[in-house]
Each structure stands twice: as C-alpha cells, then as structure tokens.
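Okay, so here's the structure we're looking at.
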Amino acid sequence: MVANDGFLSQRQRYQPIKLPQDFSDEEMARGWTLSEADFKEISKYRKNSRLFIAVQYCSIRLYGRFLAELNGLSPRIINYLNNQLGLPPSLALPKPEREATFSEYRKNILAYLGFSKFDDNAQQYLRSWLEQQAKEAVLPDDLFLRAERHLLVQRVILPGASVLERLVISVCADAHEKLFENLFNRLTPELKTAIDGVLVASPGGQPSHFFLLKEYPPSATIASIQDYLERYALLEKTGIGAFPAQIADPGFIDYLYKLARRYNARDMKRFKAEKRYAMMTCFLLETRKILLDHLVKMHDQFMTDTLRKSKHIYELAHRQFRKRQKKAINTALVTIHWVLDCPEDAPLLKADLWRCVDEKKLQESIADLHTFKRLEDCGYGDILLRRYASLRRYFADFIHLPFFAKSGMEPLLNAINIIRQLDSGELKKLPENTPITFIPQELQRSYRDKDGRIKRNAWELGVAIAMKEALRAGDLYLPQSKQHVSFWDLMLDDRRWSDNREIAYEELAQPHQDAVKSVLLSRFRQSVDKAEKCFGLDTFSEIKDGNLKLKKDDKAEIPDEVLRLQKAIDASLPSIRIEQLLMEVDQRATIFRES
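Just so you know, the numbering used here puts 51 at position 51 of the sequence shown, and the rest follows in order with no gaps.
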C-alpha cells in the first residue's frame, strides 16, 4: 500500500457489523428466517437461550461474525425470531451470563454451521489469496470487502476488522511496490524528464506546473479557458498521451491520482524514484481526462452565458423598437390614408404631403420600421455575431481537442476539420460542400451574405453552438476524457466482465448458469412442501377437487353491553387534534424518545 495509514473509519474498525435499522419485510425474511434444521437444533437448548442461538445463527450466515452488541438489534428482528420460535414478544435479548456457557455455545454453533475459526492456517491461506488479488491492482478498501466475502464463502469466521485491515495493508504494501517498479520500467527517459519538469517551480517564484494542474477551474471566461488550454497543451508535451493507459486497472490509477493530489511538489520529490514516477504517471493520465472535462464544461458555460446575454440584449432592443414601431405604423397609416383619399385626377405633390405629415417624422418612422424588420428577421443572430471576435480568442485552440462523433454526426465532425484546415492555411475559404445542417435556428438568417455565400464568422459561431449541444447529448465526445466519452466505453468489456463475473454471482446470491435449473427446482419443491404443511393448519383455505377454495371466519358478534360502553366512552372523550395527542403521549411516555 502507498501509505501505512489505515483505510477504515473508527466505526468500521470497532463495530464491524452494521446492524440494519431501516429495512423491508422481504429483507428481514431473507436474512433472518430459520430453516427446519435450525428449529431442530435450537430445540436442544434451554428455552431462555434459544433466541440468542437463533440470532447468532443468522449473524454468522450474514456477516461471518458473532454478534456481540446484542442491544443494537432491531426489535422487529427480535420479535420476528420470537414468532418463529414460538416465544413471547420481547424487547431485550438475553445473553449467557457465564463465560464458559458462552464459549460452549460458540463451539456448538460453529460445529452446526460448518464454520471454522480464523487460526494460523486460515490466516496463511488468506494471505496467499490476498497476494493473488493484490497483483491485479485491487485497492485496499475493495480488497478488504473481497476478503470478507471470500472468508464467508469458505465458511471461516471473520477476524476483527483491525486484524483484517493490517493484513490487507501488509499485502498491498508488497504488491504495490512491485506495481510501482513495473510502471517505472515502462517509462521512457523523455517522459521521466518531463515529469521532473512538472515538479520544478517556475522562475520568478511562480508555482510549479504540478500545483497548477491540481487547481479547480474558475468561472468560464476567455482568459480562464485560454489558461486551461495552455495547461492541456503543456500536459500533451510531456508525452503522456503515448503512454498506454491500460497498464494498470482504472481504479488503481484513480487511487494513485487522488493520493498524489494530497502532496505538494516538495513532498513528491522525497518519495523513492519508482513510487514518485508511478504516482506522477497516474496523476498525469487522470489529469488529462479531467482537464478535457473542465474544458468542455467551460466551453458549455461560456456559450450558454453568451447566448443568455445576447438574448437579453435582443429582448431589450426588441422591446424598445416595438414601442417606436407602433408610433411608426401610426405615421405610416396616416400617410397611406392621405394618399388613398387624394382625388384620382389631382396631382400628388410632396408639399401637400408635408402639410399633412411631418417630413422628418415620416423618415424616422420608415427607418424605425426597417430597423424593426431587420431585428425581427435576424436581430438575434446579428447580436451573436458581435461576440465572434471574443469567441475566436480561445476557440481556435479549443477546436484542436481530439473530438470524435457517433454515427450520424459526421457533418459536425467535418465542420470541425474544415475549421482546422482554415486555421492552418490548407483551405483559403469555405468549400462549396460546407455542412450546414447543424446551424441553429438563431443563425439561420444570418450565416449567408447578400450573394448567398456562407459567412465564416456566422457559420463558425453555429459550429460552436452545435458542439455545445452535441457534447451535452453525447453525440460528440472525447475518448480521452473522463465524463464525455462514448456510451459504449461505459460498458464492461470482456476483460473487466471476466474479472467481476464471479464477484457478481456472490454479491447477488445468484446460481451459476449451469446450476440455475437445479436451484429453481429445489426452491420450488421447498415452497411446495412448506405450502402443503401450512394448508393443514390454515382455516381460511383448502384444496377441494383439485381447486383452491378460500374462505373467512364469520364476523364475531358484538354484545349490546359493549356497544353501550363504547358509546359512553366516545361521548365523554373531547375532540383533539392528532398532533396534540402525540405531544401529550410524548410527555407521559419515554418510548418515543428511546426509539
């Protein structure tokens, strides 16, 4: 293990059994139901010890440990077991007073359940098993859980949590040292030199690149996006992109990344070379993914903010010119009516028109109408185009991130490549077959000039907006990122499924494929046998002529004296709100405070 510190919390270490408090009836029946063999074995004990024995049976089967904190068991479980054993309800769970009696009970319980103690042989066997698991870069906390499940399957009583924790730490320390050496031996001299450079402070007292790479991004501004694009470019220059990420388990890489974040550059230099370079390699691999996620998120925030502000400016302008447009329409209507009312044989003279309508007012009205029409047609797009120069300050570098697209999004990916070629000089202008299907509605009337040619600024702005939406939807993705990857990369591949398959069967308590039929038949026969035994005891059901007949007992007669007494009680009880009743009960009893 990288650090010798324990990974369990104080509660996990000294209270390893987490007793259920909030559970369903199905969960209680699944974990705390006794079998016929259990009843037969429990009947050999004294009546006042049977509940204790039943609890220990279920505890060992569920947790692999004897239950020591009996007072923490839910009263629901206690009474559920009492009901099965035919014992009266109780809130407390009696424990054997004599240590010799308790020791004898433990011995008998282990013999009946087929469990063995965790002795030296079991510890040596577990260490060998842990060493095999640790070679696969299993994390200590995960290995701890696997060890508990493995001992439970092998019917070995689990040791104390602190004992198992120390054993896991010891095994992981040796295994991880070998993993560090393996990673170190695969590093090229150039990558080692680059890692050393990341840990060196910049001239002028500036923090090291290692410190900068750990920072969380600020709000999305042009300067902050440019800064993070420079950090990503710096990371790519180290050559970490050529290092195979499959060299170790993804969980182990993430574990070393989080561990490296706890230290500063000075602390990292104190580690052994193998350990330092292994941790830094995993740190750079994960940081590259996280930087890509940050850049996508910052682009999304910047474009969303740009659209929001542009929409706000557009709505203000629209509201302002809408008022002026109403006045302009009135002026235009007066002018039109004057023209229509003129005699047909009389000449139309401007001097006569200006006596009816003020010339300056008419010209201003016509200008307002043209402005409002332009605002209605493409005003929002024109306002967005004013932001293009600001967008290009970072978008020219953002477009060079390693984007991929799912099937059906090829036009957007082609547009990204066209922008790259325009920036590099390979293309001098937009080609005739430039894709435009993704242009958003806001720019539909703004991306062509008067001659019908595509305007690069409007088209590229449309690409930026379409990329934001496609990255959100997962249609556009970055395979090297952490969150914005292809959907199919989130599925278990064959290697990971083969590693997790056996564990999945154990965790879900499901039979293997070749045993499904026999297990289902066995469960069916058990259910049928249990049902046949219950039918003879039930008074509400019977099988008659091969059919199930249900019936219910007749309603019990209520004597007249009881009815009169009930009416007298109801008449003497005052009305009360339910919350007031609960408050009074709470004042007189302590059961609510103790529960």
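By construction, the Cβ of each residue, glycine as well, lies at the ideal position given by its N, Cα and C atoms.
For clarity, every value in this text was computed on a predicted model and none was experimentally measured.
Secondary structure of A405 (DSSP, three-state): strand. Rounded to the nearest whole angstrom, the CA to CA distance from S365 to D382 is 22 Å. N457 is positioned such that its CB atom lies no closer than 7 Å to that of P435. Exposed is the label assigned to A233, since fewer than 16 other Cβ atoms lie within 10 Å of its Cβ. Taking 4 residues as the minimum length, the alpha helix (DSSP H) runs contained wholly in the stretch 408-455 are 410-424, in order along the chain. Counting other Cβ atoms within 10 Å of its Cβ, F540 stays below 16 and is therefore classed as exposed. In the three-state reduction of the DSSP assignment, S541 falls in the strand class, which pools E and B.
C378 is positioned such that its CB atom lies no closer than 7 Å to that of R288.
Excluding the 5 residues flanking it on each side, S116 has same chain C-beta neighbours closer than 8 Å at L110, A122, R155, V156 and I157, in chain order. Residue environment: E579 is assigned as exposed (fewer than 16 neighbouring CB atoms within 10 Å of its CB, all protein chains considered).
Per the coordinates, the alpha-carbon of D449 lies some 28 Å from the alpha-carbon of H400. For L550, the uninterrupted beta strand (DSSP E) run begins and ends at N547 to L550, by DSSP. A direct Cα-to-Cα measurement between G425 and I419 gives close to 10 Å. Taken atom to atom, the span from the alpha-carbon of G86 to that of F252 is near 52 Å. A Cβ-Cβ separation of about 19 Å leaves I290 out of contact with K468 under the 8 Å criterion. Between I53 and I42 the beta-carbon gap is near 5 Å, inside 8 Å, which marks them as a contact. The secondary-structure analysis by DSSP pairs S128 with nothing; it has no beta-bridge partner. Distance from the CA atom of C282 to the CA atom of A173, rounded to whole angstroms, is 18 Å.
Annotation for N79: the continuous alpha helix (DSSP H) segment containing it runs P75 to L85. Excluding the 5 residues flanking it on each side, V357 has same chain C-beta neighbours closer than 8 Å at T331, V334, T335 and W338, in chain order. Cβ neighbours of P217 within its own chain (closer than 7 Å, five residues either side excluded): S224, Y228, H294 and M298. Setting aside the 5 residues that flank it on each side, L412 is surrounded in the same chain by A405, P435, F438, V463, A466, M467, A470, D475 and L476, each with a C-beta closer than 8 Å to its C-beta; the list follows chain order. Ranked by Cα distance from V171, the first of L152, N182, L582 and Y125 is Y125. Look at S90 here: in three-state DSSP terms it is coil, with no helix or strand label.
Separation of D249 and G72 (C-alpha to C-alpha, rounded to the nearest whole angstrom) is 39 Å.
As the crow flies, the alpha-carbon of E165 is around 39 Å from that of E236.
In the same chain as D254, and ignoring 5 residues on each side of it, the C-beta atoms closer than 7 Å to its own belong to E286, in chain order.
Annotated three-state conformation of V334 is helix, per DSSP.
Between R387 and S310 a beta carbon distance of about 7 Å is seen, short of the 8 Å cut, so the two are scored as contacting. The continuous alpha helix (DSSP H) containing Q587 extends over residues I578 to R588.
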